[in-house]
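For reference, the structure discussed in these notes is given below.
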Amino acid sequence: MSRPQVYMVQNVSYLCDAVWNLWWRTGDKSLLAHSAVVAKSGARMARHYRAGTPSAELASGDAAWYRGKREVAIQHWRASAEAAATRGMLYNQAQALFRLNQTGCMPADQSGPDWQTLLAQLGIKRPQIWSIAAG
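In case it helps, the numbering used here puts the sequence shown at residues 29 to 163.
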């Protein structure tokens with residue numbers, strides 16, 4: 029397909045979650061290659077669709093985290109949350125904020141709602157796929 033379809037935008041964040049959970053459970057270095065594919069797909073989606081930016085930034089943040097680049101990961105996750113907020117994408121905003129929270133990287137100067145508040149606005153519980161380990 030020369031141009032990805034818009035309905036595929038959310039696939040990037042779902043795949044991020046799958047790799048995220050496998051990484052936390054196994055630490056398997058072969059997941060780095062899968063993460064790179066997801067990040068590349070996310071970047072491609074973001075080039076075609078503005079709605080793809082939050083997922084692309086999430087994927088880039090995850091990829092940085094797996095490689096031990098904490099500060100780069102934080103930058104990407106914050107960019108994901110900000111891009112989602114400007115687009116009214118509460119689920120994606122909450123997802124990025126959850127990543128920051130789960131890794132202990134939530135900046136002290138974080139303003140705006142937290143991930144729990146955003147999910148409450150959506151009327152949903154935290155999706156288990158975000159982190160199976162977090163219960």
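The beta-carbon is built from N, C-alpha and C at its ideal position, and this holds for glycine as well.
Between the stretch 51-64 and the stretch 74-85 there are fewer than three C-beta pairs closer than 8 Å, too few to call the two in contact. Per DSSP, reduced to three states, the secondary structure at residue 96 is coil, with no helix or strand assignment. The shortest CA-to-CA distance from residue 139 to any of 106, 79, 98 and 153 is the one to 106. Here the alpha carbon of residue 134 sits roughly 5 Å from the alpha carbon of residue 128. With a beta-carbon spacing of about 14 Å, residue 82 and residue 36 fall beyond the 8 Å limit used to define contacts. In the DSSP assignment, residue 44 falls within the unbroken alpha helix (DSSP H) covering 37-54. In the structure shown, residue 83 falls within a helical segment according to DSSP collapsed to helix, strand and coil.
Straight-line measurement puts the Cα of residue 130 at about 20 Å from the Cα of residue 149.
Annotation: residue 147 to residue 113 spans about 13 Å, alpha carbon to alpha carbon. Its Cα nearest to that of residue 39, the residue 71 stands out among 95, 59, 50 and 71. Contact check for residue 109 and residue 63: beta-carbon distance about 19 Å, past the 8 Å limit, so the pair fails to qualify. For residue 160, the secondary structure class from DSSP, reduced to helix, strand or coil, is coil. Assignment of residue 148 by DSSP, reduced to helix, strand and coil, places it in the helix class.
DSSP places residue 109 within a helical segment (H, G or I) once states are collapsed to three.
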